[in-house]
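Working notes, beginning with the structure itself.
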Amino acid sequence: MKCSAASTPQQVAFAMSEPQIPRKTPLLGLYKDQIISMFRESGYESWRANQVWEWLYVSAARNFGVMTNIPLKMRDEFTEKYSIELPKISEKKHSIDGTMKFALEVSGGDIVEMVFIPEKAFVPHSAQIDDTGIPVACCAARPDYDDSDLLPVSANEPMITEPLARATLCVSSQIGCLVKCAFCFTGTQRFARNLEAHEIIGQVLLMRDLLGDTGGKDSKRTLTNIVFMGMGEPLHNYENVSRAIKIIMAEDGLAFSRRRITLSTAGVVPYIKRCGEELGVNLAISLHATNDKLRDYLMPINKQFPLSSLLDAVQKYPGINQSRRVTFEYVMLKGMNDSDKDARDLARLISGIPAKVNLIPWNYWPGATFQTSSRERIATFSEILTNCGVNNTVRQQRGVDILAACGQLRTGQGDLQNTDANSAL
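Using this note's numbering, the first residue of the sequence shown is number 216, and each one after it goes up by one.
Encoded structure:
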């Protein structure tokens, strides 16, 4: 044991008395050939790795004890050496529109959020809706916020009772975010660390378990889409994110199609090409401004990777064409980036790039000073883009009442001053 020169005898004695519990090696997040090599080094037959892999990703085994085609003694040894645990749910909320948000405990007790978004929004007839489209009684944006109408998620009841054409999981890649976009709640949280590959893929496996899905390309699946749009900048954690995505796409594992996975980035230019070459997933770019001056303010990362370099990288993204376009995400901020001129500038800016634009009404979070553009302004903005030949959609606001919508994810209270507003989390 190493001790600093400043350590007191009492501190040394206390440290020496603490039990040293070796950390188990996580098997989730390892490629199959890595597990094979590790098993060989430990004296196990390589084909045992194939068995474990199938149990994890096809049969959804969550402990070694159920792996009945593996000898009991070996199962006990695996339990001592390896971990296949998923993140633990520490809190869960069910929006009035059907969206579900989960606060998950990962390694070391850190908390991260993920969001499940079923196909359609379901708003009870009794819900009072104002002109923003947000349920009045269940809106964290209001001083009279009351979460008593929110539906609890019960582990004893099926989450989805009928097949959905689309059900999306929004996955996080970091605890906090270093990009610090001015309009995003996650940016107000102190950055803690990157999530490891097993913590990322654990979110997908956990959601699959909750939905009762099974793995494999021929299996029945409720979860249809995965988006890396949760907490953090995925390309700032590329190695872990790419490892998780490759395992999620593995034909002998979860077998998710790359066309059903979308990675959203604020514009970490050096990794965009690599992402296309190695992963080939759908690319979404958080744009939000049509000039460097405004984007520098809204997204400080623009000072490092300005619009010219970002758009050049997008133009060269491997695999994009008119049938598989890049998505430009554009948050609508009242009086800042939502004018007719902004719409025309946006159309000119992305001209020549096979792309579509997703207009995102800004979602309130406690302590924010921004305002979302009106419905009429967003509609006009969209119409101008359409007239300029730009394919565009307006994102439906989902999970606003539980702070689960785009830009609303945050864990802990950290450096945010408005602690009363934080109670809505």
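Beta carbons: idealized from backbone N, C-alpha and C, even for Gly.
Burial state of Leu287 (16 or more Cβ within 10 Å) = Within the sequence shown, residue 287 is the residue found at index 72, counting from 1. Label assigned to Leu287: exposed.
Answer with buried or exposed for Gly614, where buried requires no fewer than 16 other C-beta atoms within 10 angstroms of its C-beta.
-> Stepping through the sequence shown from its first residue, residue 614 is reached at position 399. Gly614 comes out buried.
Based on the DSSP output, what are the partners of Arg408 in its beta bridges?
-> The residue you call residue 408 lines up with position 193 of the sequence shown. Answer by DSSP bridge pairing, in chain order: Ile390.
DSSP three-state assignment for Arg625, whether helix, strand or coil | As a working mapping, residue 625 is identified with position 410 in the sequence shown. DSSP places Arg625 outside both helix and strand once states are collapsed to three, so it counts as coil.
DSSP state of Asn552, grouped into three classes?
-> The residue labelled residue 552 in the question sits at position 337 within the sequence shown. Coil.
What separation, rounded to the nearest whole angstrom, lies between the Cα atoms of Leu525 and Lys531?
-> By 1-based counting over the sequence shown, the position of residue 525 is 310. By 1-based counting over the sequence shown, the position of residue 531 is 316. Here the alpha carbons of Lys531 and Leu525 stand approximately 10 angstroms from one another.
When every heavy atom of the ligand FAD is checked, does at least one fall within less than 6 angstroms of the C-beta of Ala459?
-> This structure simply doesn't include the ligand FAD, nor any ligand for that matter.
What residue range is occupied by the uninterrupted alpha helix (DSSP H) comprising Asn265?
-> Taking the sequence shown and counting its residues from 1, the one referred to as residue 265 is at position 50. Here the alpha helix (DSSP H) through Asn265 covers 262-272.
Of the residues Phe406, Leu384, Cys399, the one placed nearest Gly391, counting alpha carbons only = Looking up residue 391 in the sequence shown gives position 176. Proximity to Gly391 across Phe406, Leu384, Cys399 peaks at Phe406, based on C-alpha coordinates.
When DSSP labels each residue in this structure, what does Asn573 get in the three-state scheme?
-> Within the sequence shown, residue 573 is the residue found at index 358, counting from 1. Residue state, collapsed to three classes: strand.
At what residues does the beta strand (DSSP E) containing Glu328 begin and finish?
-> Along the sequence shown, one-based indexing puts residue 328 at 113. From DSSP, the beta strand (DSSP E) with Glu328 extends over 326-333.
Mind checking Leu624: buried by the 16 CB within 10 Å criterion, or exposed?
-> To locate residue 624, count along the sequence shown from 1; it is residue 409. The residue is buried, with at least 16 neighbouring Cβ atoms inside 10 Å.
CB-CB under 7 angstroms to Gly280, same chain, minus the five flanking residues each way: which ones, in chain order?
-> Looking up residue 280 in the sequence shown gives position 65. Arg290.
Chain B beta carbons: is any one of them nearer than 7 angstroms to that of Ser298?
-> Absent from the structure: chain B. Only one protein chain is present.
Looking only at its own chain, which residues have a Cβ that is under 8 angstroms from the Cβ of Ser257, when we skip the five neighbours before and after it?
-> Against the sequence shown, residue 257 aligns to sequence position 42. Excluding residues within five positions, the ones whose Cβ falls inside 8 angstroms are Lys296.
As assigned by DSSP and simplified to three states, the class of His413 = For the purposes of this step, residue 413 is identified with residue 198 of the sequence shown, where counting begins at 1. Helix at His413.
Exposed unless 16 or more other CB atoms sit within 10 angstroms - verdict on Glu328 | Along the sequence shown, read from residue 1 onward, the residue named residue 328 stands at position 113. Buried, because 16 or more other Cβ atoms sit within 10 Å of the Cβ of Glu328.
Does DSSP put Ala499 in a helix, a strand or coil?
-> Here residue 499 is taken as the residue at index 284 of the sequence shown, counted from 1. Secondary structure of Ala499 (DSSP, three-state): strand.
Measure the beta-carbon distance from Leu502 to Phe543 and round it to whole angstroms, keeping in mind my assumption that it falls under 8 angstroms.
-> Locating residue 502 in the sequence shown gives position 287, counting from the first residue. Locating residue 543 in the sequence shown gives position 328, counting from the first residue. Right, their Cβ atoms sit about 5 angstroms apart.
For Phe317, the residue or residues it bridges with in DSSP = As a working mapping, residue 317 is identified with position 102 in the sequence shown. Partner(s): Lys307, Met329.
Determine the DSSP secondary structure at Ile299, reduced to helix, strand or coil.
-> Within the sequence shown, residue 299 is the residue found at index 84, counting from 1. It is coil, neither helix nor strand.
Measuring CA to CA, which of Gly582, Cys603, Pro533 is closest to Asp557?
-> Here residue 557 is taken as the residue at index 342 of the sequence shown, counted from 1. With distances taken between Cα atoms, Asp557 lies closest to Cys603.
Helix, strand or coil at Ile568 according to DSSP, with G and I counted as helix = The count along the sequence shown starts at 1 and reaches residue 568 at position 353. The answer is coil: DSSP assigns Ile568 none of H, G, I, E or B.
Beta-carbon gap between Ile516 and Leu494 smaller than 7 angstroms = For the purposes of this step, residue 516 is taken as the residue at position 301 of the sequence shown. For the purposes of this step, residue 494 is taken as the residue at position 279 of the sequence shown. Not a contact, by the Cβ cut-off of 7 angstroms.
Return the bridge partner residues of Thr601 from the DSSP annotation.
-> Mapped onto the sequence shown, residue 601 falls at position 386. None, per the DSSP bridge assignment.
Own chain residues within Cβ distance below 7 angstroms of Ser261, not counting five before or after = Numbered from its first residue, the sequence shown carries residue 261 at position 46. In the same chain as Ser261, and ignoring 5 residues on each side of it, the C-beta atoms closer than 7 angstroms to its own belong to Ile251, Phe254, Arg255, in chain order.
Which residues mark the beginning and the end of the alpha helix (DSSP H) in which Asn440 is found?
-> Counted from its first residue, the sequence shown places residue 440 at position 225. Under the DSSP assignment, Asn440 falls outside any alpha helix (DSSP H), being part of the beta strand (DSSP E) whose first and last residues are 440-443.
Starting from Glu466 and walking both ways along the beta strand (DSSP E), at which residues does that stretch end?
-> As a position in the sequence shown, residue 466 is number 251, starting the count at 1. Run containing Glu466: none; DSSP gives neither H nor E here.
Would you give the residue range spanned by the beta strand (DSSP E) that Leu478 belongs to?
-> Numbered from 1 along the sequence shown, position 263 holds the residue referred to as residue 478. 476-480 is the extent of the beta strand (DSSP E) around Leu478.
Cβ pair Cys643, Met514 closer than 7 angstroms | No statement about residue 643 is possible, as the shown extent of the chain runs from 216 to 640 and does not include it.
Whose C-beta lies closer than 6 angstroms to the C-beta of Met216 among residues of the same chain, with five residues either side of it excluded?
-> Locating residue 216 in the sequence shown gives position 1, counting from the first residue. In this prediction, Met216 scores a pLDDT of 44, lower than 50, which makes its location untrustworthy; the coordinate-derived value is nonetheless stated afterwards. Contacts found: none.
Report the rounded CA-to-CA distance for Pro533 versus Glu492, giving the unit in angstroms.
-> Sequence index remark: in the sequence shown, residue 533 carries index 318 (1-based). Sequence index remark: in the sequence shown, residue 492 carries index 277 (1-based). Approximately 6 angstroms, taken between the alpha carbons.
Arg381 in three-state terms, based on DSSP | Numbered from its first residue, the sequence shown carries residue 381 at position 166. Shown here, Arg381 sits in coil according to DSSP, grouped into three states, outside any helix or strand.
Cβ shell of Thr314 (< 6 angstroms), same chain only, five flanking positions each side left out | The sequence position of residue 314 within the sequence shown is 99, counting from 1. Cβ neighbours of Thr314 within its own chain (closer than 6 angstroms, five residues either side excluded): Ile332, Arg613, Gly614, Ala619.
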